[in-house]
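With our numbering as the guide, the letters of the sequence shown map in order to residues 16 to 275.
I have placed the structure first, in the form of structure tokens, so that the comments after it can refer back to it.
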Amino acid sequence: MRRQLTELEDSEIGDIIKYSCSAHLLNLFAKDIEQVDIKNIIIVSDIQDGELKENVENYLRKLKKISIALDYVQKEMCVLSDCTHIWKGLLSSNWLLEEANKLKVRYNAAMTPAHFAAHILDPKYRGEGLDEEEDTMGMEFIDLSYLQAMKDVLTYRAMSFPFKDYMFKEDLLKRTHVSVWWRSLGSKIDPGMIDLTNQLYTATASSAGIERLFSTFGLVHSKLRNRLRTEKAAKLVTVMRVLNPGSRGSSYVDEDEVEE
Numbered sequence: 016m017r018r019q020l021t022e023l024e025d026s027e028i029g030d031i032i033k034y035s036c037s038a039h040l041l042n043l044f045a046k047d048i049e050q051v052d053i054k055n056i057i058i059v060s061d062i063q064d065g066e067l068k069e070n071v072e073n074y075l076r077k078l079k080k081i082s083i084a085l086d087y088v089q090k091e092m093c094v095l096s097d098c099t100h101i102w103k104g105l106l107s108s109n110w111l112l113e114e115a116n117k118l119k120v121r122y123n124a125a126m127t128p129a130h131f132a133a134h135i136l137d138p139k140y141r142g143e144g145l146d147e148e149e150d151t152m153g154m155e156f157i158d159l160s161y162l163q164a165m166k167d168v169l170t171y172r173a174m175s176f177p178f179k180d181y182m183f184k185e186d187l188l189k190r191t192h193v194s195v196w197w198r199s200l201g202s203k204i205d206p207g208m209i210d211l212t213n214q215l216y217t218a219t220a221s222s223a224g225i226e227r228l229f230s231t232f233g234l235v236h237s238k239l240r241n242r243l244r245t246e247k248a249a250k251l252v253t254v255m256r257v258l259n260p261g262s263r264g265s266s267y268v269d270e271d272e273v274e275e
């Protein structure tokens, strides 16, 4: 994955957002914190060692946090802004220092300026939780992507006209996809902003969706994968969406919030 990403970054193609699969990186983090001494134990009787029991329970709690995050980043409607929010939630959880450092490495590998830009332009988040450097990277990405965008972005961040208060109500944002939210502004903002937000919010957090597509249709995966044309691919995507209506899912909830 890293080699392919590096090749894309070195290419001259400037209008493609390039980033790593967050689901893959979360799996790698789970591997990072793997406790071999626990996994190698075969329990054949009641555990009398209280310390071992506590270690196992702590390990399972950590894996559960990663598992919940994985479930959300693999949803078809998990866009880059949601992905950033999920990673931020993991970073704010309780980890041992060594684990926190490993998580930060995976976070840095997953995040790109496009993620921060998407987080800033998503009315659910508006960049809250990003540090100063991340906010700057996101704004610079927007500025480089579309020079005329900054006027609308600053107006949006100030929640000034045409961005009215009712547009930021929590219940509305939960029921409205972010790309629809931006398109609803129509001629009130620069057309380039619509194009930019459409690009950001059609990019998903992981490659899980396309992997599910090919694993669902074995014939396509084994014989026709490299010969798919646009029309046939569109039909398969339509069928897949009908067969999997629940994969679009609800919002991410931090495991710490669930426990509370």
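Glycine residues also receive a C-beta, built at the ideal position from the N, C-alpha and C atoms.
Treat the numbers as computed from the prediction; the structure is a model and nothing was measured.
| message | Using only CA atoms, which one of Ser107, Ala45, Lys90, His100 lies nearest to Tyr312? | response | The chain is shown only over 16 to 275; residue 312 falls outside these bounds and no answer can be derived.
| request: Keeping to the same chain, check which residues put their C-beta closer than 6 Å to that of Glu114; ignore five residues upstream and five downstream. | output: Ile48
| query | Are there 16 or more other CB atoms within 10 angstroms of the CB of Thr253, so buried, or fewer, so exposed? | reply | exposed
| request: Using three-state DSSP, classify Thr191 as helix, strand or coil. | output: coil
| What three-state label does DSSP hand Asn127 in the structure shown? | According to the sequence as given, residue 127 is Thr; it is not Asn. Of the three classes helix, strand and coil, the one that applies to Thr127 here is coil, per DSSP.
| said: For Ile28 and Val193, what's the separation of their Cα atoms in angstroms? | reply: Because the pLDDT of Ile28 is 48, which lies under 50, any placement of that residue in the model is unreliable, and the number read from its coordinates should be weighed accordingly. Whole-angstrom Cα-Cα distance: 26 Å.
| On the premise that Lys103 lies in contact with Gly144, defined as a C-beta separation below 8 Å, what is that separation, rounded to the nearest angstrom? | 5 Å
| C-alpha gap between Leu234 and Ser160, whole angstroms | At Leu234, the pLDDT of 49 sits below 50, so the modelled position is not reliable; the number obtained from the coordinates is stated separately. Cα to Cα, Leu234 sits roughly 39 Å from Ser160.
| query | So what's Thr217 in DSSP terms, helix, strand or just coil? | reply | coil
| Complete runs of the alpha helix (DSSP H) confined to the region 147–181 [at least 4 residues] | 147–160, 165–172
| message | Tell me the residue span of the alpha helix (DSSP H) that contains Leu95. | response | 95–106
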